[in-house]
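Counting from 855, one number per residue, gives the positions in the sequence shown under my numbering. Even for Gly, the Cβ is constructed at its ideal location relative to N, Cα and C. Written out below as structure tokens is the structure these notes cover.
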Amino acid sequence: MQKLFDLHVGRRAHAWVLAIYRLTAKFPAEERFGVTSQLRRAATSAPTNVAEGAKRRSPAEYARFINVAESSVAEAEYLLVLSGDLEFAPAAEITPILAEAAEIGRMLHGLRLSVERDVERR
855 MQKLFDLHVG RRAHAWVLAI YRLTAKFPAE ERFGVTSQLR RAATSAPTNV
905 AEGAKRRSPA EYARFINVAE SSVAEAEYLL VLSGDLEFAP AAEITPILAE
955 AAEIGRMLHG LRLSVERDVE RR
């Protein structure tokens, strides 16, 4: 199994998490335990699950963890949209992070399909 930073998607997901932390630092203080916390946890969960899954014993387990990472990206996408609608940050700051989430989601999907093909070959 590959290590997180050996994967292009792992490096991109890490940079995306950092961008989300910078963005959410500007959110209202009263959201610290609300949207801010939930968005940070969802975003952090994506590369964390890829890293954890890569250390599992089988490709099937790895694929399952990648699927969880995909779900976490989807959760973060919704929370980014919500944050924009609630005007926690300007759309100009949220839009590129949201676009990166979509790209990371596509990359994770491709990685999962590749790992699942390996499972089928065994």
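Short Cβ contact (8 Å threshold) for residue i with residue j
i	j	result
Leu934	Leu893	yes
Ala943	Lys880	yes
Trp870	Ile951	yes
Glu924	His862	no
Ala930	Ala896	yes
Ala917	Glu974	no
Asp972	Pro913	yes
For residue i, the three-state DSSP class (helix, strand or coil)
i	result
Arg894	helix
Ala940	Per the sequence shown, residue 940 should be read as Leu rather than Ala. Of the three classes helix, strand and coil, the one that applies to Leu940 here is coil, per DSSP.
Phe881	coil
Arg960	helix
Ser926	helix
Leu934	helix
Ser899	helix
Leu967	helix
Phe887	coil
Arg976	coil
Arg910	coil
Met855	For Met855, the pLDDT reaches just 44, beneath the cut-off of 50, and the residue's location in the model is therefore unreliable, although a value from the coordinates is still provided. Three-state result, Met855: coil.
Leu861	coil
For residue j and residue i, believed in contact at Cβ under 8 Å, the rounded distance
i	j	result
Ala900	Ala867	5 Å
Ala955	Val927	5 Å
Ile920	Leu965	6 Å
Residue i beta carbon near the ligand NAP (any heavy atom closer than 7 Å)
i	result
Gly959	Among the ligands in the structure shown, none appear at all, so the ligand NAP cannot be discussed.
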